[in-house]
Each structure stands twice: as C-alpha cells, then as structure tokens.
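S.K.: I have a structure here, written as structure tokens, and I will follow up with some questions on it.
2 protein chains.
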Amino acid sequence: MHLEQGCIQVYTGNGKGKTTASLGLALRAVGRGLKVCVFQFIKGGGRYGEHLAAEKLAPLLTIIQTGRPGWVNTKDITEDRRTAQDALVQARELLVSGEYDLFVCDEINGAVGFGLIDVEQVLELMRLKPEKTELVLTGRNAHQLVIDAADLVTEMVEIKHYYKAGVPARTGIEM
Amino acid sequence: MHLEQGCIQVYTGNGKGKTTASLGLALRAVGRGLKVCVFQFIKGGGRYGEHLAAEKLAPLLTIIQTGRPGWVNTKDITEDRRTAQDALVQARELLVSGEYDLFVCDEINGAVGFGLIDVEQVLELMRLKPEKTELVLTGRNAHQLVIDAADLVTEMVEIKHYYKAGVPARTGIEM
Chain A
1 MHLEQGCIQV YTGNGKGKTT ASLGLALRAV GRGLKVCVFQ FIKGGGRYGE HLAAEKLAPL
61 LTIIQTGRPG WVNTKDITED RRTAQDALVQ ARELLVSGEY DLFVCDEING AVGFGLIDVE
121 QVLELMRLKP EKTELVLTGR NAHQLVIDAA DLVTEMVEIK HYYKAGVPAR TGIEM
Chain B
1001 MHLEQGCIQV YTGNGKGKTT ASLGLALRAV GRGLKVCVFQ FIKGGGRYGE HLAAEKLAPL
1061 LTIIQTGRPG WVNTKDITED RRTAQDALVQ ARELLVSGEY DLFVCDEING AVGFGLIDVE
1121 QVLELMRLKP EKTELVLTGR NAHQLVIDAA DLVTEMVEIK HYYKAGVPAR TGIEM
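What follows is the structure, encoded as structure tokens:
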C-alpha cells in the first residue's frame, strides 16, 4: 500500500524523544508495508540499536547514517559542512525518487543550526517532496521558516532529564 | 545483554509523538537484544501498524493491547474502569517478573485522567519496577505526582497539527 496523502512533520525542542518518535513512526509504517528511509545527518559515530534492528525489518526499513565520527567540530565546520552537503545530495535523490512512503531526515535541524546545511536547502527539500511521501524532519531549534512550511510540529520540551542526575547514555536506551 | 540501571521515563503533553517515541525506544532496545513489552491501556480498537511490525521482531518485542473497542465511555466509566483495572493487574505481573528490560505503559496517564486507574496505583507500579528495568509511561496530562517520581519527563507540545487542516488519521502514520 501507499499513502493517499503525504504531510510534513517536524519534531524539535530540547527534550528526549525526537529521533525515537521518528523511529516509532518508521516501525508503525513498516507494519503496514510502507517503505521507509531514515536518513541521519551528523550521526556518523557508530551503529546504534536502531541500525541493528533495521536489519530485521529490511527491505522495508533502511537507515542511512551520515556525518563524521565524533561530534561536529564547531571551531571549523569546513569538513562537517562538506560531509553534510554530500549527504544532502544523497538524501534529495532518495526523496525525489518517490521510492519511499516515509522519509525521515533525522537531525537535519541540528545540521542547519551548526551551519552545515542552509535553511533554504531544507525548504527546497520540503518543496521537492513527492505528493504521497510523508517527510519527517527532526532536531532541536527548527528554523521558523521550516516550522511555517510544515504541516505538523511538535516541540519536545525537557521537563526533567536523568543526565542531570548523572545517568550516562546507555546502550539500548540512548544508543 | 541487560541494562546496568533502569530509569523511569514519562512522555506527556498534547502533541503527537508520545506513543511513537516509546515505540522508537522499543525498536532501539530490540536492536541491542533487550527484551521489550509495550503494554497499551485504553487501546482496544483494532490492530495498528506497530502490532503488525512487532510480529517481525518477536520474541524480543511484545505489544499487548488492552481496552474496550471504541473510545472510553466518559458518561459511565464502570466497564472501562473494570477493563483497565484487569489490565493493570496483568501489567504489574509482567513488570515485576523482571523478564523485560524495557517496559512501556502506553496511555497509562490517559487512563488515570479518565478515572480508570488511580494515580496511587501508578505510583505503586513505579515503586515495584525492578532495578534494571526501564519503565516508560505515556499519555497526556501526566499527574504531577507521576512527574515528581520520574527520572525523565518530556512534554510533547503541539505547535501545529494537520488534523486542524482536515487531514484524517492515516493508516501507516497514525495507526
């Protein structure tokens, strides 16, 4: 099956749950036989649980990781920007192919925030979305122009986070 | 593998993304070989995409639906409360068994809001949580006592929702 109508969803804010919400959407869509691509920006730092689980849901679920290992070099973004720009070309090709019913651009808002991708490029991606493809954009500090152009926006607000109590990122929960 | 330490996470608020965030956590955990139970309250209305996908991730992922078909009868909650109370007994047994690394009580906050479950019963569930089990509670209007007792709380705030533009619940996205 395919969607009758595809919308654009944005998950932003400083709270936990943005990437996981997009992964939950992916799980639900796969259950219905929809084809899903989760395209991750600035997440080159090794395989997480979702990447391992995706193998069990192939070929309906594809997760593509892009980004340099480690975190963005905020002192000199040259290399991170080049990596993100290359990733953006790939994401655009996959999106416009119309092959996917659900297409997630994970952390694309973060990539914009770091100056690795221009907001105009995200807006172009939103315009290029095939009619029956659902597009999901995640990452904190979504640009106001992205919010304006989206159909659904949820802000994940951190009320309380256990990292402040010293709980480290845990395998199977955060990664 | 198992978690070294289990926390309690709450996803609340009026925005889209609470159940899907818990499903994304489930997907990630399953990828790491953790055993997951998603126990759904007041969701007896037929199988969603996540239930179909769970079959592909068995035996690591179990999703249990409870609730009467249709929505809660707010004019007379007698039968819905009985159903929810029975479900709570089952959820408590599964949680305390320690068999699951990640245990999600989906929509339990909603069940409290409707008067089907007492907040003291949720607090008891939180106290009974095995040390190495991660417990996730979802649903809007989480009770302040639940928020106080949790380790992590994210409020999903609706900034914009497409249902207001007339987009209906879509198979593969909302269900």
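Going line by line, the protein sequences match chains A and B.
Using this note's numbering, you'd call the opening residue of the first sequence number 1 and step up by one each time.
Using this note's numbering, you'd call the opening residue of the second sequence number 1001 and step up by one each time.
Backbone N, C-alpha and C define an ideal beta-carbon position, used for all residues, glycine too.
Residue range of the alpha helix (DSSP H) that Val146(A) falls in?
M.R.: Looking at the DSSP string, the run of the alpha helix (DSSP H) that includes Val146(A) is Gln144 to Ala149.
S.K.: Along chain B, in chain order, which residues have C-beta atoms closer than 8 Å to that of Ile42(A)?
M.R.: Near Ile42(A) there are no residues of chain B at all, since even the closest Cβ is about 18 Å away, more than 8 Å.
S.K.: Beta-carbon separation of Gly1017(B) and Tyr11(A) under 8 Å?
M.R.: It is a contact, given that the beta carbons lie within the stated cut-off.
S.K.: Do Leu88(A) and Thr117(A) have their beta-carbon atoms positioned less than 8 Å apart in this structure?
M.R.: Here residue 117(A) turns out to be Ile, not Thr, going by the sequence shown. Yes, the pair counts as a contact, with Cβ atoms nearer than the cut-off.
S.K.: So what does DSSP say about Met1175(B), is it helix, strand or coil?
M.R.: DSSP places Met1175(B) in coil when its eight states are reduced to three.
S.K.: So, does the CB of Glu131(A) fall closer than 8 Å to a CB anywhere in chain B?
M.R.: No, because no Cβ of chain B sits closer than 8 Å to the Cβ of Glu131(A).
S.K.: Classify Gly166(A): buried if its beta carbon has 16 or more other beta carbons within 10 angstroms, exposed otherwise.
M.R.: Label assigned to Gly166(A): exposed.
S.K.: Let me know the secondary structure DSSP gives Gln1005(B) once reduced to three states.
M.R.: Residue state, collapsed to three classes: coil.
S.K.: Who are the neighbours of Arg127(A) on chain B, taking C-beta pairs under 7 Å?
M.R.: The premise fails here: Arg127(A) is roughly 17 Å from chain B at the closest Cβ pair, so nothing lies under 7 Å.
S.K.: Over the uninterrupted beta strand (DSSP E) stretch that includes Lys160(A), give me the two end residues.
M.R.: Taken as a continuous stretch (DSSP letters only), the beta strand (DSSP E) holding Lys160(A) covers Leu152 to Lys160.
S.K.: What is the DSSP secondary structure of Leu61(A), reduced to helix, strand or coil?
M.R.: Looking at Leu61(A) - three-state DSSP - the assignment turns out to be strand.
S.K.: Counting contacts by CB-CB distance shorter than 8 Å, is Glu134(A) in contact with chain B?
M.R.: Interface residue, yes.
S.K.: Within 10 angstroms of its Cβ, does Arg1047(B) collect 16 or more other Cβ (buried), or is it exposed?
M.R.: Arg1047(B) should be labelled exposed.
S.K.: What residue from Phe114(A), Thr78(A) and Leu102(A) has the CA that sits closest to Gly24(A)'s CA?
M.R.: Looking at the Cα atoms, Leu102(A) is the closest of the given residues.
S.K.: Anything in chain B within Cβ reach of Tyr162(A), meaning under 7 Å, just list it in chain order.
M.R.: Result: Cys1007, Asp1151 and Leu1152.
S.K.: Could you have a look at Val167(A) and say whether DSSP puts it in helix, strand or coil?
M.R.: Val167(A) falls in the coil class under three-state DSSP.
S.K.: Excluding the five sequence neighbours on either side, which residues of its own chain have a C-beta within less than 7 Å of the C-beta of Glu1050(B), listed in chain order?
M.R.: Closer than 7 Å at Cβ, skipping near neighbours: Leu1023 and Ile1063.
S.K.: Below 8 Å on the Cβ atoms is my contact criterion, and I expect Ile108(A) with Gly139(A) to pass it. Report the Cβ-Cβ distance as a whole number of Å.
M.R.: At roughly 6 Å, the Cβ-Cβ gap stays under 8 Å, so Ile108(A) and Gly139(A) are in contact.
S.K.: Spatial neighbours of Glu982(B) within its chain, please: CB distance less than 7 Å, with the 5 preceding and 5 following residues excluded, ordered by chain position.
M.R.: Examination of residue 982(B) is not possible in this model, given that chain B is present from 1001 through 1175 alone.
S.K.: Just how far apart, CA to CA, sit Lys160(A) and Thr1154(B)?
M.R.: Between Lys160(A) and Thr1154(B), the C-alpha separation is close to 7 Å.
S.K.: In the DSSP output, which residue or residues are listed as bridge partners for Leu1116(B)?
M.R.: Leu1116(B) pairs with nothing; no bridge assigned.
S.K.: Would you list, in chain order, the members of the segment 1139 to 1150 of chain B that have their beta-carbon closer than 7 Å to a beta-carbon of chain A?
M.R.: Correct list: Ile1147 and Ala1150.
S.K.: Secondary structure at Glu1131(B), three-state DSSP: helix, strand or coil?
M.R.: Glu1131(B): coil per DSSP, three-state reduction.
S.K.: To the nearest angstrom, report how far apart Leu1027(B) and Leu1003(B) are at their CA atoms.
M.R.: Each residue's Cα considered, the two are about 15 Å apart.
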